[in-house]
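Below: the structure, in structure tokens.
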Amino acid sequence: MDKIETKLLKEITSTYKIKNGAYNIRKNGVGIERKVTENINIISKKDKQGIDIIIKENTKNEILHIPVIITEGGLTDEVYNDFFVGKNADVVIIAGCGIHNDGDTTSQHNGIHRFFLEENAKVKYIEKHIGEGNGQGKRILNPQTVVELKNGSTLEMETTQIKGVDSTIRDTRGVLQYNTNLIITEKIMTHGNQFAKTIFDVELNGENSSTKVVSRSIAKDSSKQEFISKITGNNRCFGHVECDAIIMDNASIKATPEITANNVDARLIHEATIGKIAGEQVTKLMTLGLTEKEAEKEIINGFLK
Amino acid sequence: MLELKGISYEKDNKKILNNINLKIEGKKFVAITGPNGSGKSTLAKIIMGILKPTSGKIIFMGEDITDLDICERAKLGIGFAFQQPVKFKGITIKDLIELSLEKGTKCKGSCHYLTDVGLCPKDYMNREINSNLSGGELKRIEIATVVARKCKLTIFDEPEAGIDLWSFSNLIDVFQKMHETIKGSIVIISHQERILNIADEIILLENGKITEIGSKDIVLPKLLNVKSNCKFLKESNSNG
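Protein chains in written order, with our numbering: chain A, 182 to 486; chain B, 244 to 483.
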């Protein structure tokens, strides 16, 4: 890997050392490096691009990395990754895609990830999207995530996309059974003429199932963002969506909530806030000796922390 | 240290402050009191630069700061504690205290600015300054951030508002300690007799004008005993 590729890889996987544990590195549409462990197996799909990740029952404290990097212009990479997480396993999965496009043609990655968590399994899934490069070619990332949680399992998903990606449609769907929990934290910042659309669709089918979706986004310049969240409560369950967006310059943000209760014991909350940076916040930080620009930067950094 | 020359402030054709002339010397503890709507908070905000006066001049440490913005005044050594503390999303108490401290200074686990206002650093340092904190907690954090700045002139806009009785006793201690240790002046906007009682000087503001100014020993007895038209004093007295 060259310097650019190493840098991208480091940015996607910043939190953990990649060589510890299982990993699969994909570059410009092909797998280039893989390591499996006793508990985590990675098998290439035969019918299409992608991998099956099989995590054994009771696997504890293991970290799996599956980063994707694209440095070629004009490449559309579509990959199907399925995660089968055994009973009582407790693992961290670091995914993400970095595109460096210096050319004038579009680079695109569509990652379709499906998670199947068996009883009492626990997964923390961290996904970072990065776009960079000086070319006129677009950088497009369209991740789809499907989550099926069996009794007692938990998936915590953290996704981050700060600048650099021209267009993204992020589609996340979850089906939750008895006593399960899906936590999603999303952070997005768009600038220039970028576009980001997020769709969450969660079905709370099992008794005692719950979900919490927190989306924090900042739209600058002339960028556009759309946030659609659907939660359906079909049992005694709890769902909470919190969409919080800061709008700047000539940007546009649209938030569409949809909560449906099909059971008298379903408790569903949707909160959506869109607004510019509060003037009083800037004033407070200026009284501490920050300039207006510095104050705005602190507020944005804090908001997306 | 601070001199206000002919400060007036008008809003919607109403005169909120009317030709305020005032000098605050170094190392003084000055309380500004008066009825609601008398212009106290407006005066405090004008000193900090949050509001611009319609006319008049503000001199700080010999420099005309009338046209300086909030940040420039803060850098010269003016601090301000808001009556209604500002809430943030994502910014923690630790972040705010570190922004208040001298650039590059880190606030360690045993941050005494929090203990001084009755908050345990271990429990609070990493909490976000948001609606999950009570009004009293936010107020104490606000005071801690301002004390941490060690300014030449620190202004507190009704620090007692929203604080419970137990915290209020601690608050008096905080101001007394601050007065003893810092080299600067303190200006407190307050209705509270116990705060007025620890001031060196008291200024009474009524209808946008200074109607009394002098040492605590002279002004406070007048405020407490003399039958005045000042509605808030009657209310304070009737509340014991």
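Idealized CB from N, CA, C, for every residue including glycine. Fair warning: this is a prediction, and the values are worked out from it, not measured in the lab.
Which value, in whole angstroms, describes the spacing of the CA atoms of residue i and residue j?
| i | j | result |
| --- | --- | --- |
| residue 412 of chain B | residue 361 of chain B | 10 Å |
| residue 367 of chain B | residue 335 of chain B | 9 Å |
| residue 257 of chain A | residue 459 of chain A | 40 Å |
| residue 235 of chain A | residue 276 of chain A | 16 Å |
| residue 406 of chain A | residue 291 of chain A | 19 Å |
| residue 373 of chain A | residue 318 of chain A | 14 Å |
| residue 282 of chain A | residue 484 of chain A | 28 Å |
| residue 452 of chain A | residue 335 of chain A | 23 Å |
| residue 320 of chain A | residue 351 of chain A | 14 Å |
| residue 314 of chain B | residue 464 of chain A | 9 Å |
| residue 265 of chain B | residue 476 of chain A | 32 Å |
| residue 279 of chain B | residue 432 of chain B | 11 Å |
| residue 389 of chain A | residue 364 of chain A | 14 Å |
| residue 244 of chain B | residue 399 of chain B | 17 Å |
How about residue i and residue j: are their beta carbons less than 8 Å apart?
| i | j | result |
| --- | --- | --- |
| residue 451 of chain B | residue 281 of chain B | yes |
| residue 274 of chain A | residue 245 of chain A | yes |
| residue 440 of chain A | residue 449 of chain A | yes |
| residue 321 of chain B | residue 290 of chain B | yes |
| residue 410 of chain A | residue 422 of chain A | yes |
| residue 445 of chain B | residue 463 of chain B | yes |
| residue 341 of chain A | residue 309 of chain A | yes |
| residue 420 of chain A | residue 391 of chain A | yes |
| residue 328 of chain B | residue 403 of chain B | no |
| residue 286 of chain B | residue 275 of chain B | yes |
| residue 377 of chain A | residue 413 of chain A | no |
| residue 424 of chain A | residue 432 of chain A | no |
Can you tell me which of the three DSSP states residue i falls into?
| i | result |
| --- | --- |
| residue 293 of chain B | coil |
| residue 406 of chain A | strand |
| residue 308 of chain A | strand |
| residue 182 of chain A | coil |
| residue 390 of chain A | strand |
| residue 309 of chain B | coil |
| residue 299 of chain B | strand |
| residue 438 of chain A | strand |
| residue 437 of chain B | helix |
| residue 194 of chain A | coil |
| residue 326 of chain B | coil |
| residue 227 of chain A | coil |
I'd like the span of the alpha helix (DSSP H) that includes residue i, first residue to last.
| i | result |
| --- | --- |
| residue 356 of chain B | 355–359 |
| residue 338 of chain B | 336–343 |
| residue 328 of chain A | No alpha helix (DSSP H) holds residue 328 of chain A; the beta strand (DSSP E) holding it covers 325–330. |
| residue 315 of chain B | 313–319 |
| residue 253 of chain B | Residue 253 of chain B -> not in any alpha helix (DSSP H); beta strand (DSSP E) instead, spanning 245–254. |
| residue 479 of chain A | 473–484 |
| residue 379 of chain B | 378–391 |
If you follow the beta strand (DSSP E) that residue i is part of, which residue opens it and which one closes it?
| i | result |
| --- | --- |
| residue 359 of chain A | That residue, residue 359 of chain A, is in no beta strand (DSSP E); it is neither H nor E in DSSP. |
| residue 364 of chain B | Premise fails: residue 364 of chain B lies in the alpha helix (DSSP H), 364–367, not in any beta strand (DSSP E). |
| residue 443 of chain B | Note, residue 443 of chain B: premise wrong, no beta strand (DSSP E); not H, not E. |
| residue 425 of chain A | 418–428 |
| residue 274 of chain B | 272–276 |
| residue 459 of chain A | Note, residue 459 of chain A: premise wrong, no beta strand (DSSP E); not H, not E. |
| residue 205 of chain A | 204–208 |
| residue 257 of chain B | 257–267 |
| residue 396 of chain B | 396–400 |
| residue 452 of chain B | 452–458 |
| residue 276 of chain A | 271–281 |
| residue 331 of chain B | Careful: residue 331 of chain B lies outside any beta strand (DSSP E) and carries neither H nor E. |
Per DSSP, which residues does residue i bridge with? Please list them.
| i | result |
| --- | --- |
| residue 242 of chain A | DSSP lists no partner for residue 242 of chain A. |
| residue 370 of chain A | A/343 and A/399 |
| residue 351 of chain A | A/379 |
Is residue i a contact residue of the ligand MG, with contact defined as CB to any heavy atom under 7 Å?
| i | result |
| --- | --- |
| residue 339 of chain A | As for the ligand MG, it is missing from this structure, which has no ligand bound. |
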